[in-house]
Amino acid sequence: GRTRCARKAGHGREHPIGDRFRRPGKLEPEGLIVDAHVALSQYQQARETTCSMLEAARGGDWEGLLNLEIARRAMLGPLADLAIDFSTAALGTEKDDCIRDIIEMDRQIRELAESWMAEMRDTLSSLQSQRKIARAYGAV
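With the working numbering, the residue at position 5 of the sequence shown is 27, and numbering never jumps.
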């Protein structure tokens, strides 16, 4: 089935990577201390951005999709290098749900993009054929 995009992070606040991630606790190799709740908020925000990406793909807004992808990479990129302790079952489950939703929506986006690309190939091929005909028989 379709992934529902209506799931919200709950509080709607943005948590850019930075000082908001610092708290007493586990020190990462880069010196950044990460709060699992704040990291989860980033995953939830990435899920919402992915939902917007899917809506853009469904609407054929490929430039909008690209801009959202860039924003999502900025959200998730810093999290990939950190070892965040999601030992609380609820936090770990929610993070896993976010990742599964993102993967499913990415699959749907890929299918839509592949379909659009096939249409564009057909259109370009048709235009090339028309040009060849026009050259062979002269412009009408």
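Glycine included, C-beta positions come from ideal geometry on N, C-alpha and C. Computed from a predicted structure; not experimentally measured.
Only counting the same chain, and skipping five residues up and downstream in sequence, which positions put a Cβ closer than 7 Å to that of residue i?
i: L90; result: T71, S74, M75, A78
i: K117; result: L62, Y65, F108
i: G86; result: A78
i: G160; result: none
i: Q150; result: none
Specify the secondary structure class of residue i as computed by DSSP and reduced to three states.
i: G104; result: Rather than Gly, the amino acid found at residue 104 in this sequence is Leu. Looking at L104 - three-state DSSP - the assignment turns out to be coil, as it is neither helix nor strand.
i: G86; result: helix
i: S109; result: coil
Beta-carbon separation of residue i and residue j under 8 Å?
i: A58; j: R94; result: no
i: G81; j: W138; result: no
Would you tell me roughly how many angstroms separate the C-alpha atoms of residue i and residue j, rounded to the nearest one?
i: E136; j: M142; result: 10 Å
i: R129; j: A102; result: 20 Å
i: A112; j: I106; result: 14 Å
Could you tell me which of the options sits nearest to residue i, measuring between CA atoms?
i: W84; options: L134, D119, K154; result: L134
i: L88; options: I131, A140, S147; result: I131
i: M97; options: V60, R122, G114; result: V60
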